[in-house]
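In our numbering, the protein residues as written are 1 to 251.
Backbone N, C-alpha and C fix where the C-beta goes; we use that ideal spot for every residue, glycine too.
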């Protein structure tokens, strides 16, 4: 069996119990060396074959996993965060399926969750935002026209922007052009949950200066929205006057 395992946001103890067990059982591990904390390889057993996919193509990754799975070995493909967010694991699973090989996915803690923890923030504050947009700016990999930063910014929702820390000048301008006020709260979270994690609070207009001051150009998430401010409505869930299936409303 081939398991796609989410490594978590960075801290080695943030991998799931299931993910840690699969790593310990693996005969072969292919990990995303450019992003996965190498400390996670400490879960591997003696004699496990370990490959760094940062130096490999899709075809080379499949050429490692497929023969091992056919030989009855347990294979773990270790992705940063959760594989479903910018993990490029769909194409790997499709290639394995075409070869008649089964795989399973073990979810992980995405870096956007790690960033919220670092910020001690709630993305979905009542009266502020009930929508979280996970996105990235186009680079060598394009994004659909309807998903341009300006179009997404027009909603005024919470935004978490991946893979864009090296272009915050352009990002700031496009967020404002899309509808965010320049003074909208924003934050840069560098290497969320890693030992060298850093949180830089600023505004949408202040993003370029903040990134330059902290010398942050990669491995960071940009978060934007009123959820970083101080105003919000009380949750109905715990309001004494709000009746639920578990609790009667106060009279």
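(1) List the endpoints of the continuous beta strand (DSSP E) containing residue 84.
(2) Quick one: what's residue 49 bridged to in DSSP?
(3) Mind pulling the beta strand (DSSP E) runs of 3 or more residues that sit fully within the segment 189 to 237?
(4) Sort 208, 198, 127, 225 by Cα distance to residue 180 and report the nearest one.
(5) Do the segment 181 to 194 and the segment 110 to 122 make contact, defined as three or more Cβ pairs closer than 8 angstroms?
(6) According to DSSP, simplified to helix, strand and coil, what is residue 132?
(7) Using beta carbons (cut-off 8 angstroms, strictly below), is residue 155 in contact with chain D?
(8) Just reading off the beta strand (DSSP E) that residue 243 is part of, what are its end residues?
(9) Do the CB positions of residue 32 and residue 89 come within less than 8 angstroms of each other?
(10) Would you kindly check if the distance between the Cβ of residue 200 and the Cβ of residue 188 is under 8 angstroms?
(11) From residue 215 to residue 143, what does the alpha carbon distance come to, in whole angstroms?
(12) Taking just the CA atoms, how far does residue 248 sit from residue 6?
(13) Mapping the DSSP letters down to three states, classify residue 78 as helix, strand or coil.
(14) Tell me, which residues are paired with residue 2 by DSSP?
(15) Residue 160 lies in the beta strand (DSSP E); which residues open and close that run?
(16) Would you mind giving the Cβ-Cβ distance between residue 86 and residue 163, rounded to the nearest angstrom? I have them listed as a contact below 8 angstroms.
(17) Any idea what DSSP makes of residue 185, helix, strand or coil?
(18) Is residue 22 buried or exposed, if buried means 16 or more other CB atoms sit within 10 Å of its CB?
(19) Hey, how far is the Cα of residue 165 from the Cα of residue 228?
Short version:
(1) Counted from its first residue, the chain shown places residue 84 at position 84. Where residue 84 is concerned, there is no enclosing beta strand (DSSP E), given that its DSSP letter is neither H nor E.
(2) Counting from one through the chain shown, the residue named residue 49 turns up at place 49. Answer is 28, bridged to residue 49.
(3) 198 to 203, 220 to 224
(4) Counting from one through the chain shown, the residue named residue 180 turns up at place 180. When only C-alpha atoms are compared, the closest one is 225.
(5) yes
(6) Residue numbering aside, residue 132 sits at position 132 when the chain shown is read from its first letter. Three-state DSSP puts residue 132 in a strand.
(7) Among the chains in the structure shown there is no chain D, since it carries only a single protein chain.
(8) Residue numbering aside, residue 243 sits at position 243 when the chain shown is read from its first letter. First-last for residue 243: undefined, no H or E at that position.
(9) Taking the chain shown and counting its residues from 1, one reaches residue 32 at position 32. Taking the chain shown and counting its residues from 1, one reaches residue 89 at position 89. For residue 32 and residue 89, no; Cβs fall outside 8 angstroms.
(10) The residue given as residue 188 occupies position 188 in the chain shown. The residue given as residue 200 occupies position 200 in the chain shown. Yes; because the gap between Cβ atoms is below 8 angstroms, this pair is in contact.
(11) Counted from its first residue, the chain shown places residue 215 at position 215. Counted from its first residue, the chain shown places residue 143 at position 143. Distance between the alpha carbons of residue 215 and residue 143 is about 27 angstroms.
(12) Sequence index remark: in the chain shown, residue 6 carries index 6 (1-based). Sequence index remark: in the chain shown, residue 248 carries index 248 (1-based). Each residue's alpha carbon lies about 40 angstroms from the other.
(13) Counted from its first residue, the chain shown places residue 78 at position 78. Residue 78 falls in the strand class under three-state DSSP.
(14) Residue mapping note: residue 2 aligns to position 2 of the chain shown, counting from 1. In the DSSP output, where bridge partners are listed per residue, residue 2 has 75, 103.
(15) Residue mapping note: residue 160 aligns to position 160 of the chain shown, counting from 1. Unbroken beta strand (DSSP E) run through residue 160: 158 to 162.
(16) As a working mapping, residue 86 is identified with position 86 in the chain shown. As a working mapping, residue 163 is identified with position 163 in the chain shown. Confirmed, Cβ separation roughly 7 angstroms.
(17) What you label residue 185 is simply residue 185 of the chain shown in a count that begins at 1. Of the three classes helix, strand and coil, the one that applies to residue 185 here is strand, per DSSP.
(18) Against the chain shown, residue 22 aligns to sequence position 22. Classification for residue 22: buried.
(19) By one-based count along the chain shown, residue 165 stands at place 165. By one-based count along the chain shown, residue 228 stands at place 228. Taking the straight line joining both Cα atoms gives about 19 angstroms.
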